[in-house]
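Protein chains in written order, with my numbering: chain A, 381 to 502; chain B, 138 to 321. All C-beta atoms, glycine included, are put in the ideal place defined by N, C-alpha and C. What follows is a set of notes on a single structure, which appears directly below.
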C-alpha cells in the first residue's frame, strides 16, 4: 500500500523551486474542452498527454486547464492554446499522438501546427 | 461513454460549475451482492426541486437546465440498462448528491476504466477544490483526501508537477492493489 508519507520529502524538494514558477506574465495557457461531448470524444487522454508532455519538458510557464462545451461538439476534442502577444490557436479532433508535436512546435518554438488547427479542418 | 470513470469526470464538472469547494467521489464494488455503485457528493449551490426533477430528461432545454445537458441522462440510462438505479438529491444552498448503481456482472456494464486518470485531471485542474475519493472492492478499500495532502504540503501547491506525479503513482498503485495487484 502506498501512503502519503513521501509527500514530506516532495515538499522539502519543491519549496526551493516554488519562486521560479511564479512568473505569470508570459504564461502560455492550454485549455482542453472537458464537457460531455469532449469527454465522450476522447478528451481525457489528450489532457493527460498534455500534462505529461509539459511536465516531462519541465515547462514552468505553461498551464493546462479545462473548460466546458464551446459549441463545436462535432469537432471535439478541442484544444485552445493562448500565447501572450499572439493569436489564439484552436486545434480540433486532437489525438493523444499529436500532443507531443503541438508542444514542441507550437508551445516551445512558437510555430502553430497549422495542419491540426481548426482552420485547415474546415 | 466507454468507461464509468469518464461518466464520473463528466458529472463532477457539474459540481465544479455549482461552485462546490468539497467534492466526494465514492465507488463501491461488492461482488457478493453483485453491485457497483458510484456516489458523487458536493457542497455546491444545489438545485430547486423543479430543476432537480428535470435534469434526467435530456429533452428539456430551458435556460435553467441548459448547463446540465446530457451528462446526467446518459449516466442514469446506463445504470438502469444494467439492472441498477439512479438517484439524485439536491437542496438549494446545501449541495447535490447523486448515486448510480449497476449490477456488477451485467454484460453491458461498462468497465470502471482509468479512474486514476480521471481523479488526476480533476485534482490537477481544480487545486482549490477539496476532493475526497474512496474506492472499495469487497473488504479492500483506500481513500485519498486532497485536504489532507494539502496540509502535508504546506505552501507547495497541489498542482505542482512533482505532487501530481506522486498522486499518479499513489492512485495507480492503490487501484491495482484493490484488484490483487492486477493492472486494470
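Beta-bridge partners of residue i, as assigned by DSSP
i, result
"residue 154 (chain B)", "Answer is none; residue 154 (chain B) lacks a bridge partner."
"residue 238 (chain B)", "B:174"
"residue 233 (chain B)", "B:179 and B:227"
"residue 305 (chain B)", "Residue 305 (chain B) pairs with nothing; no bridge assigned."
"residue 269 (chain B)", "B:161 and B:282"
"residue 497 (chain A)", "A:471"
"residue 413 (chain A)", "A:447"
"residue 277 (chain B)", "B:274"
Proximity test, Cβ basis, 9 angstroms: residue i and chain B
i, result
"residue 428 (chain A)", "yes"
"residue 384 (chain A)", "yes"
"residue 449 (chain A)", "yes"
"residue 454 (chain A)", "no"
"residue 406 (chain A)", "no"
"residue 461 (chain A)", "no"
"residue 458 (chain A)", "no"
"residue 323 (chain A)", "With chain A running from 381 to 502 in the structure shown, residue 323 (chain A) is simply not present."
"residue 425 (chain A)", "yes"
"residue 416 (chain A)", "yes"
"residue 482 (chain A)", "no"
"residue 487 (chain A)", "no"
"residue 409 (chain A)", "no"
"residue 475 (chain A)", "no"
"residue 390 (chain A)", "yes"
"residue 446 (chain A)", "yes"
"residue 431 (chain A)", "yes"
CB contact below 9 angstroms: residue i versus chain A
i, result
"residue 307 (chain B)", "yes"
"residue 251 (chain B)", "yes"
"residue 229 (chain B)", "no"
"residue 186 (chain B)", "no"
"residue 322 (chain B)", "With chain B running from 138 to 321 in the structure shown, residue 322 (chain B) is simply not present."
"residue 297 (chain B)", "yes"
"residue 255 (chain B)", "yes"
"residue 246 (chain B)", "no"
"residue 193 (chain B)", "no"
"residue 270 (chain B)", "no"
"residue 202 (chain B)", "Because the pLDDT of residue 202 (chain B) is 43, which lies under 50, any placement of that residue in the model is unreliable, and the question is left without a value."
"residue 302 (chain B)", "yes"
"residue 225 (chain B)", "no"
"residue 143 (chain B)", "yes"
"residue 173 (chain B)", "no"
"residue 317 (chain B)", "no"
"residue 267 (chain B)", "no"
"residue 262 (chain B)", "yes"
"residue 167 (chain B)", "no"
Straight-line gap, residue i to residue j (C-alpha atoms, nearest Å)
i, j, result
"residue 482 (chain A)", "residue 493 (chain A)", "6 angstroms"
"residue 394 (chain A)", "residue 284 (chain B)", "18 angstroms"
"residue 173 (chain B)", "residue 216 (chain B)", "10 angstroms"
"residue 194 (chain B)", "residue 212 (chain B)", "12 angstroms"
"residue 264 (chain B)", "residue 447 (chain A)", "15 angstroms"
"residue 168 (chain B)", "residue 148 (chain B)", "25 angstroms"
"residue 281 (chain B)", "residue 312 (chain B)", "11 angstroms"
"residue 223 (chain B)", "residue 235 (chain B)", "8 angstroms"
"residue 491 (chain A)", "residue 315 (chain B)", "45 angstroms"
"residue 487 (chain A)", "residue 477 (chain A)", "16 angstroms"
"residue 163 (chain B)", "residue 457 (chain A)", "27 angstroms"
"residue 277 (chain B)", "residue 420 (chain A)", "30 angstroms"
"residue 293 (chain B)", "residue 196 (chain B)", "45 angstroms"
"residue 409 (chain A)", "residue 464 (chain A)", "9 angstroms"
"residue 453 (chain A)", "residue 415 (chain A)", "9 angstroms"
"residue 287 (chain B)", "residue 177 (chain B)", "21 angstroms"
"residue 246 (chain B)", "residue 207 (chain B)", "19 angstroms"
"residue 459 (chain A)", "residue 466 (chain A)", "16 angstroms"
"residue 495 (chain A)", "residue 437 (chain A)", "23 angstroms"
Presumed contact (8 angstroms Cβ cut-off) between residue i and residue j, rounded CB distance
i, j, result
"residue 233 (chain B)", "residue 179 (chain B)", "6 angstroms"
"residue 413 (chain A)", "residue 423 (chain A)", "6 angstroms"
"residue 257 (chain B)", "residue 301 (chain B)", "6 angstroms"
"residue 442 (chain A)", "residue 434 (chain A)", "5 angstroms"
CB contact below 9 angstroms: residue i versus chain E
i, result
"residue 420 (chain A)", "The chain inventory of the structure shown lacks chain E, comprising the protein chains A and B."
- Task: Scan the region 158 to 229 of chain B and note each continuous beta strand (DSSP E) run of 3 residues or more that stays entirely inside, going in chain order.
- Result: 159 to 167, 172 to 179 and 223 to 228
- Query: Which parts of the region 436 to 484 of chain A are runs of the beta strand (DSSP E), unbroken and 3 residues or longer, counting only runs that do not cross its ends?
  - Reply: 442 to 447, 459 to 462 and 469 to 471
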